[in-house]
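One structure is given here, and the rest of the page talks about it.
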Amino acid sequence: MDSFISWIGGKKLLRKAITERFPESESYDRYIEVFGGAGWVLFSKDLHAKCEVFNDIDSNLVNLYRCLKYHREALEKELQYTVHSREVFMNCKQQLNMSGLTDIQRAARYFTLIRSSFGSDRQSFKTATSCIVDKIGDFPKVQERLKRVVIENKDFEDLIKVYDRPNALFYLDPPYHTTEKYYNCDFGEKDHIRLRDCLKQIKGKFILSYNNDEFIKNLYKEYNIEEISRNNNLSINRGTGREFKELIIRNY
Ligand SMILES: C[S@@+](CC[C@H](N)C(=O)[O-])C[C@H]1O[C@@H](n2cnc3c(N)ncnc32)[C@H](O)[C@@H]1O
0 MDSFISWIGG
10 KKLLRKAITE
20 RFPESESYDR
30 YIEVFGGAGW
40 VLFSKDLHAK
50 CEVFNDIDSN
60 LVNLYRCLKY
70 HREALEKELQ
80 YTVHSREVFM
90 NCKQQLNMSG
100 LTDIQRAARY
110 FTLIRSSFGS
120 DRQSFKTATS
130 CIVDKIGDFP
140 KVQERLKRVV
150 IENKDFEDLI
160 KVYDRPNALF
170 YLDPPYHTTE
180 KYYNCDFGEK
190 DHIRLRDCLK
200 QIKGKFILSY
210 NNDEFIKNLY
220 KEYNIEEISR
230 NNNLSINRGT
240 GREFKELIIR
250 NY
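Under numbering that gives the first Met the number 0, the residues of the sequence shown are numbered 0 to 251, in order.
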């Protein structure tokens, strides 16, 4: 199935290439999506493993996933009369910076921001028509898919330490080198190095997607690195039809 949101750097176009490169399914029984975002790889299969984990550091995003999983009907109700308009967009943006919202109200505001922003950047209003309530129809399937998925809100290093086992498969899709500013997080060069150092220590398997960048290739030079291409879906390059070269890096 598809994800219920679009997301900057979302792996809609790359999900097949990634899952085709997963190891033999008998070799792992826990699947951990460390940089979750819209979860395109998670949603691309009905089940990756008996134990599945979705994680992201963006607490509003994780709250949206949790509300969909545990309070779907209340979230639907909260969203049912939401219209696509600049005023609603600005209100949601302002309200998300204040305290006092319930988790369900917060989830609805964040969903509205994602749906009504240009390239899902949650910053700039999308002038093209977007129907927010239309998407609510997908929620029951999403809730069903998330039923057995553990949802975490941790920094990648803490998460990897908790879930690492010889029978674990980590899929990692960090902010791409030099495009980190598009996310609600402070991810820099030191974090790319921290991630590499953390992956060096693990007992399980990892598969990592990155932009094709010399700094990254050098960081992972001792691993299995493949270069692949797809159309760029970063909002800044939308409509240019430019091909974007990416890396898939594995420790198996
Ligand atoms: C490239 S996006 C992931 C896209 C996702 N694979 C998809 O298909 O939509 C990177 C994600 O990493 C998250 N992130 C940034 N810093 C993080 C950290 N230190 N630990 C965990 N997640 C982080 C961001 O919030 C963002 O959602």
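All C-beta atoms in this analysis are idealised placements derived from N, C-alpha and C, irrespective of residue type, glycine included.
Please read these numbers as outputs of a predicted model, since none were measured by experiment.
Contact set for residue i: own chain, Cβ-Cβ below 7 angstroms, skip 5 residues either direction
{"i": "Ser234", "result": "Confidence is the limiting factor: at Ser234 the pLDDT is only 44, short of 50, which leaves the residue's position unreliable, though a coordinate-based value still follows. So the list reads Ile7, Phe117, Gly118, Asp120, once near-sequence residues are dropped."}
{"i": "Arg85", "result": "Phe124"}
{"i": "Val61", "result": "Asp55, Ile150, Asn152"}
{"i": "Asn183", "result": "Asp57"}
Bridge partners - residue i, DSSP secondary structure assignment
{"i": "Ala167", "result": "Arg29"}
{"i": "Leu207", "result": "Leu171, Ile248"}
{"i": "Cys286", "result": "With the chain represented from 0 up to 251, any question about residue 286 goes unanswered, as that position is not in the structure."}
{"i": "Ser116", "result": "Phe124"}
Own chain, CB closer than 6 angstroms to residue i, minus 5 neighbours either side, in chain order
{"i": "Cys50", "result": "Arg29"}
{"i": "Leu12", "result": "Arg229"}
{"i": "His47", "result": "Tyr30"}
{"i": "Ile248", "result": "Leu207, Tyr219, Tyr222, Ile224"}
{"i": "Ser2", "result": "Ala37, Gly38, Trp39, Phe42"}
C-alpha distance - residue i paired with residue j, whole-angstrom precision
{"i": "Arg71", "j": "Ile192", "result": "38 angstroms"}
{"i": "Asn90", "j": "Asn211", "result": "38 angstroms"}
{"i": "Phe169", "j": "Ile135", "result": "30 angstroms"}
{"i": "Ser26", "j": "Gly99", "result": "46 angstroms"}
{"i": "Gln201", "j": "Lys15", "result": "Reading the sequence as shown, one finds Ile at residue 201 and not Gln. Using only the alpha carbons, I get a separation of about 25 angstroms."}
{"i": "Glu262", "j": "Ser208", "result": "The displayed coordinates of the chain run from 0 to 251. Any statement about residue 262 would go beyond what the structure contains."}
{"i": "Arg20", "j": "Asn166", "result": "16 angstroms"}
{"i": "Ala73", "j": "Ser5", "result": "22 angstroms"}
{"i": "Phe155", "j": "Leu194", "result": "8 angstroms"}
{"i": "Thr18", "j": "Tyr162", "result": "20 angstroms"}
{"i": "Val132", "j": "Gln104", "result": "15 angstroms"}
{"i": "Asp196", "j": "Ile159", "result": "12 angstroms"}
{"i": "Arg164", "j": "Ala127", "result": "46 angstroms"}
Own chain, CB closer than 8 angstroms to residue i, minus 5 neighbours either side, in chain order
{"i": "Asp102", "result": "Asn62, Arg65, Cys66, His70"}
{"i": "Phe53", "result": "Glu32, Gly35, Gly38, Leu41, Tyr64, Leu145, Val148, Val149, Ile150, Glu151"}
{"i": "Ser129", "result": "His83, Arg114, Ser115"}
{"i": "Asn250", "result": "Leu198, Ile201, Lys204, Phe205, Tyr222, Asn223"}
_Tell me whether the region 74–81 and the region 101–121 touch, counting them as touching only if at least three CB pairs, one residue from each stretch, are closer than 8 angstroms._
Taking a contact to require three or more Cβ pairs closer than 8 angstroms, the region 74–81 and the region 101–121 qualify as touching.
*Would you be able to state if there are at least three C-beta pairs under 8 angstroms between the region 220–227 and the region 182–191?*
No, the region 182–191 is not in contact with the region 220–227.
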